[in-house]
Amino acid sequence: MTTPASGFHAALEDRRRQVEAALDRALPAEGAWPATIHRAVRYSLFAGGKRIRPQLVLAAGEAVGGDPAELMPLACAAEMIHTYSLIHDDLPAMDDDDLRRGKPTSHKVFGEAIAILAGDALLTRAFHLMADLDGDQDGPRVARRLRASAILGEACGTSGLIGGQVMDLESEGKAVTAAELERLHRAKTGALLGACVRGGAVLAGADGAALERLDRYAHAVGLAFQVVDDVLDATEAAEQLGKTAGKDAAASKATYVSLHGVETARRMARELLDEALAALVPLGARAATLGLLARLIVERRA
Ligand code: GRG
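FYI, in the working numbering the residues of the sequence shown are 14 to 315.
Listed below in structure tokens is the structure:
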């Protein structure tokens with residue numbers, strides 16, 4: 014029997030497949046010159062990520078009546094940027110990890126130099142894709158793509174992803190307050206998730222009031238994502254996570270679990286979920302997929 018919830022999940026699975034196909038089209042073929050870099054890029058990009066960021070782009074656009082085809086470049090660009098950040102984060106100079114998405118990390122398979130270049134290639138390709146408008150040189154479509162590119166660029170720059178990573182590196186071995194931890198994660202994790210939601214809405218032509226609701230949603234979901242990640246790192250095994258488990262405690266890292274305990278961290282995630290869902294109410298039924306994604310982010314086990 015098909016329940017409304019299972020119908021929703023089928024729709025997400027359908028979108029996931031569309032994203033996989035669009036990512037495949039957006040990259041040079043595996044054998045294209047120079048083959049090593051394309052093998053490395055594809056190895057990490059198609060290693061089985063959950064595709065949460067593309068789903069957020071597509072669902073945010075849907076919440077304001079956007080055309081899915083217009084949203085796909087940003088959906089792919091966000092996943093490419095996310096994958097680049099994972100490859101670089103796993104390098105010996107950063108987190109020095111051997112396992113990602115259930116497979117040996119890029120530098121373990123291809124060596125450090127190619128892993129660095131694979132991350133660089135993904136970041137570059139993401140903005141190439143955003144700027145590629147098939148000859149369309151003017152009009153509102155170009156303006157929206159430019160705005161979404163700026164949102165994405167800001168999120169992966171020094172006030173977002175990079176800034177959060179620097180703060181993370183500099184926090185190692187130091188006592189971190191709850192406010193500092195929140196700042197770190199809003200930059201390292203929340204900024205890109207927020208750019209997916211805001212960028213998707215901008216590509217769909219959202220107005221100020223809808224953007225304000227969606228920013229509130231993204232603010233709550235961005236933090237919830239990291240709180241849940243900390244809980245999973247402390248409570249799940251590596252086979253379940255597809256990456257090394259218990260790393261935070263082993264590195265004496267400040268996390269929501271080390272600062273507040275597992276139960277309080279779980280409660281915080283549920284409260285953030287309620288905040289995210291409340292922000293969507295004025296957007297009505299079109300925001301249902303965003304609501305489902307918030308639930309899946311908070312209730313996930315990997
Ligand atoms: C630019 C080097 C560099 C780093 C930026 C994002 C980041 C900082 C590092 C990545 C590692 C990390 C622990 C990030 C926190 C966000 C997070 C929990 C990522 C995992 O995202 P999922 O669960 O992964 O969406 P999948 O594999 O499903 O895509």
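Even for Gly, the Cβ is constructed at its ideal location relative to N, Cα and C.
Keep in mind the model is a prediction, meaning the values are calculated, not measured.
Within the chosen limit of 7 Å, the ligand GRG reaches the beta carbon of His101 through at least one heavy atom. In terms of side-chain proximity, the C-beta atom of Ile65 is found nearer than 7 Å to a non-hydrogen atom of the ligand GRG.
Pairing Met180 with Ala233, the inter-Cα distance amounts to about 21 Å.
By the criterion of a C-beta distance shorter than 7 Å, Arg199 is surrounded in its chain by Gly235, Leu236, once the five residues flanking it on both sides are discounted. Around the beta carbon of Leu182, fewer than 16 other beta carbons lie within 10 angstroms, which makes this residue exposed. Pro86: member of the alpha helix (DSSP H) spanning 81-102, first to last residue. Within its own chain, the residues whose Cβ lies closer than 7 Å to the Cβ of Ala223, once the five positions on either side in sequence are excluded, are Val77, Ala214, Leu296, listed in chain order.
Taking 4 residues as the shortest admissible run, the segment 287-312 contains the following complete alpha helix (DSSP H) segments, listed from N- to C-terminal end: 301-312.
By the Cβ-count criterion, His95 is buried, with 16 or more other Cβ atoms from all chains shown falling within 10 Å of its own Cβ. The beta carbon of Ala60 lies closer than 6 Å to those of Arg114, Lys116 in the same chain, with the five residues before and after it left out. Leu142 is positioned such that its CB atom lies no closer than 8 Å to that of Ala307. Within the chosen limit of 7 Å, the ligand GRG reaches the beta carbon of Ile175 through at least one heavy atom. Annotation for Thr268 indicates a beta carbon at 7 Å or more from all heavy atoms of the ligand GRG.
Judged by the Cβ position, Gly259 fails to qualify as a neighbour of the ligand GRG at the 7 Å threshold, every heavy atom of the ligand being at least this far. Spatial neighbours of Phe238 in its own chain (CB-CB distance under 7 Å, excluding positions within 5 residues in sequence) are listed in chain order as Thr202, Leu206, Ile310. The closest heavy atom of the ligand GRG lies 7 Å or more from the beta carbon of Asp147.
Looking at the backbone, the Cα of Val244 and that of Gly176 are separated by about 23 Å. Under DSSP, the beta-bridge partners assigned to Lys116 are Arg113. In this structure, Met107 has its CB closer than 7 Å to one or more heavy atoms of the ligand GRG. The C-beta of Pro67 has 16 or more other C-beta atoms within 10 Å across all chains shown, which makes the residue buried.
Using a 10 angstroms sphere on the CB of Ala53, the tally of other CB atoms reaches 16 or more, which defines it as buried. Looking at Ala90, Ala126, Ala88, the one whose alpha-carbon comes closest to that of Pro105 is Ala126. Within the model, the alpha-carbon separation for Ala231 versus Val210 is close to 6 Å. Take Arg55, set aside five residues on each side of it, and the residues of its chain with a beta-carbon closer than 6 Å to its own are Glu43, in chain order. If you check the C-beta of Lys116 against the ligand GRG, you find no heavy atom less than 7 Å away.
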